[in-house]
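In our numbering, the protein residues as written are 6 to 505.
All C-beta atoms in this analysis are idealised placements derived from N, C-alpha and C, irrespective of residue type, glycine included.
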Amino acid sequence: MEPIAKFREIVKKQKAYGYMLNIIGWDSQTEAPREAFARRGEMVGIISGEMFKLLTSQDTIEGLGQLFESMDQFDDATKRELLRAKKQLDKIIKIPENEFVAYQMLLNKAQMVWQDAKEKNDYAAFKGVLAEIITANKKFAKYYAPEASAYNTMLDDFEEGWTMADFDQFFDVLKKELVPFVRKLLAQKQPPVAPFVKRHYEKEKQKEFADYLIDVMQFNRNRGLMKQSVHPFTWNTSPTDVRFTNRYIEDYFLSSIFSAVHELGHAIYEQQVDTKWDDTMLNGGVSMGIHESQSRFFENIVGRSHLFWEAHYPKLKSIFPEQLKDVTLEDFYRAVNRSEASLIRVEADELTYPLHIMLRYEIERMFVEGDLSVDDLPRIWNEKSQEYLGITPKTDSEGILQDVHWSGGMIGYFPTYALGSAISAQIYQTMAQEINVDQAIRDNKLGIVTDWLKEKIHQYGSSKSPKQLLEEVTHESFNPHYYVRYLKAKYGELYNIKED
Ligand SMILES: [Zn+2]
Numbered sequence: 006m007e008p009i010a011k012f013r014e015i016v017k018k019q020k021a022y023g024y025m026l027n028i029i030g031w032d033s034q035t036e037a038p039r040e041a042f043a044r045r046g047e048m049v050g051i052i053s054g055e056m057f058k059l060l061t062s063q064d065t066i067e068g069l070g071q072l073f074e075s076m077d078q079f080d081d082a083t084k085r086e087l088l089r090a091k092k093q094l095d096k097i098i099k100i101p102e103n104e105f106v107a108y109q110m111l112l113n114k115a116q117m118v119w120q121d122a123k124e125k126n127d128y129a130a131f132k133g134v135l136a137e138i139i140t141a142n143k144k145f146a147k148y149y150a151p152e153a154s155a156y157n158t159m160l161d162d163f164e165e166g167w168t169m170a171d172f173d174q175f176f177d178v179l180k181k182e183l184v185p186f187v188r189k190l191l192a193q194k195q196p197p198v199a200p201f202v203k204r205h206y207e208k209e210k211q212k213e214f215a216d217y218l219i220d221v222m223q224f225n226r227n228r229g230l231m232k233q234s235v236h237p238f239t240w241n242t243s244p245t246d247v248r249f250t251n252r253y254i255e256d257y258f259l260s261s262i263f264s265a266v267h268e269l270g271h272a273i274y275e276q277q278v279d280t281k282w283d284d285t286m287l288n289g290g291v292s293m294g295i296h297e298s299q300s301r302f303f304e305n306i307v308g309r310s311h312l313f314w315e316a317h318y319p320k321l322k323s324i325f326p327e328q329l330k331d332v333t334l335e336d337f338y339r340a341v342n343r344s345e346a347s348l349i350r351v352e353a354d355e356l357t358y359p360l361h362i363m364l365r366y367e368i369e370r371m372f373v374e375g376d377l378s379v380d381d382l383p384r385i386w387n388e389k390s391q392e393y394l395g396i397t398p399k400t401d402s403e404g405i406l407q408d409v410h411w412s413g414g415m416i417g418y419f420p421t422y423a424l425g426s427a428i429s430a431q432i433y434q435t436m437a438q439e440i441n442v443d444q445a446i447r448d449n450k451l452g453i454v455t456d457w458l459k460e461k462i463h464q465y466g467s468s469k470s471p472k473q474l475l476e477e478v479t480h481e482s483f484n485p486h487y488y489v490r491y492l493k494a495k496y497g498e499l500y501n502i503k504e505d
């Protein structure tokens, strides 16, 4: 058999294993009964083992080696696919097996240690495993790419092609342009949270509105569905099967509205990828940053716009006539765009959110590239929090211990959250030159917007790198000024802040 045909066969088999594991994963996070866990764990272990054997078999390694030698004969997409396959393989085989196993056990333990430490506000109990996780990740990064800086390797893992130089430039702009603006806003006396926000909203009715949003966003119900889970997420095996979850908090109904719009942004992206990539390694959304740009575009730029609520507030009001009877469109718009100094990242507003991320990026950069001791982390966290957000955590639980990422070994992940928002503003700028976005939002015709995204971004799946994709869509490389301009225009108007 031709090496490329052999490669195709292996990829297809890998897809089949992945498919099973995905479906099982979806089931366990949504519907599976408690006592199913042990048995399922066993089955998952066997399937994962088979998949691992396939990926690391002599056949696979040699086949890929042969293909690499004759790289020139392939088109760009296939070349890119082979490079991705090689990267995936390297991730597995370059780490000595005993170190890999020890690391998995460390992560397992870290999860519980972190949860306990967060609950008891006891950073001292966590810092030991954190130090071990950092050390292991630095070591692994050197196995993958001995020449590269460890943090660059980690960043590339979450956002292909993105380095410290790129992110430094991005966060420098935020520091110079956004931090002073946020300071002005936060210095103003804030009106209290509007009482209607905390009223009681029945779960069933919240779900009814989320269901309405599915059609507003033009999500294809024949290719997907919505369920409930503790933390909302989007899941897919191919564009023909894209699922997402939502959650309903009865005394905080805004949460279910914006998490539905956010997840729908991810889900529409996956639904609109061309199915021709299904059996290749170029399927699905290309990167964390580009994916997050789609979800945050819909959540913030569309979903928190005045135009969007001009179109949909009457519907929301008809579902909750009692709770919203004294609430005008204007009240509602202001409430969903309220900005304040806050400590917890996941509850932060659109404006201050990227500053939470900047803080984490700078700390990661210091502990991976510098020789910052884990003993110093809480102090540095608190100082930066004061500097960027104007507020100091009273406890480590609401400071350095708040996020799950580091205990899960995810170092280099955070910056993609802020990158996504910034990319969404850049894409929006181009989109607005090519189609009438405002009118589409106001007239409840988001299909015009999703069609544009399909043509320019979604259809390509992962066949282009994130940087290439952004450049082709917007005709320039990443430019964070669009993001800063967008935020300043919106919040300048809302809070009446004049620029000097
Ligand atoms: Zn997201």
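Going by beta carbons, V187 and T357 fall inside the 9 Å limit.
Taking non-hydrogen atoms of ligand 1 into account, the C-beta of H271 is found less than 8 Å away from one of them. The count of Cβ pairs closer than 8 Å, one atom from the stretch 21-35 and one from the stretch 237-245, reaches three, so the stretches are in contact.
The C-alpha of Q277 lies about 42 Å from the C-alpha of A122. Taken atom to atom, the span from the alpha-carbon of S412 to that of R45 is near 24 Å. Bounds of the beta strand (DSSP E) holding Q233 are G229 to Q233. Not a single heavy atom of ligand 1 lies less than 8 Å from the C-beta of H463. Annotation for W314: the continuous alpha helix (DSSP H) segment containing it runs H311 to I324. Runs of beta strand (DSSP E) with 3 or more residues, each lying fully within the stretch 107-161, are absent. The bridge partners DSSP lists for W240 are R248. Excluding five sequence positions before and after E86, the CB atoms of its chain that fall closer than 7 Å to its own CB belong to T285, M286 and L287, given in chain order. Judged by the Cβ position, E268 qualifies as a neighbour of ligand 1 at the 8 Å threshold, a heavy atom of the ligand being closer than this.
Relative to ligand 1, S234 has its C-beta separated by 8 Å or more from all heavy atoms.
At least one heavy atom of ligand 1 lies less than 8 Å from the C-beta of E297. The beta carbon of N126 sits closer than 7 Å to the beta carbons of T400, D401 and S402 from its chain, once the five residues preceding and following it are set aside; these are given in chain order. Across the structure, D283 and Q299 are spaced so that their CA atoms are roughly 21 Å apart.
A residue is called buried when at least 16 other Cβ atoms come within 10 angstroms of its Cβ; Q438 does not meet this threshold and is exposed.
The beta carbon of S300 sits closer than 8 Å to at least one heavy atom of ligand 1. Its chain contains I405 as the residues whose beta carbon lies nearer than 6 Å to that of L382, once the 5 sequence neighbours on both sides are disregarded; these appear in chain order. Nearest to A129 by alpha-carbon distance, out of E352, S344, S378 and L364, is S378. Counting of Cβ neighbours within 10 angstroms places N113 among the exposed residues, the total staying below 16.
Remark: fewer than three beta-carbon pairs, one from each stretch, lie closer than 8 Å, so the stretch 342-358 and the stretch 150-157 are not flagged as touching. Straight-line measurement puts the Cα of F172 at about 40 Å from the Cα of I51. Cβ contact annotation for S292 (same chain, cutoff 7 Å, sequence separation greater than five): E164, E165 and P471, in chain order.
Distance between K459 and G452, taken at the CA atoms: about 10 Å. Counting only the Cα atoms, I324 lies some 8 Å from E213. For K96, the enclosing alpha helix (DSSP H) starts and ends at D81 to I98.
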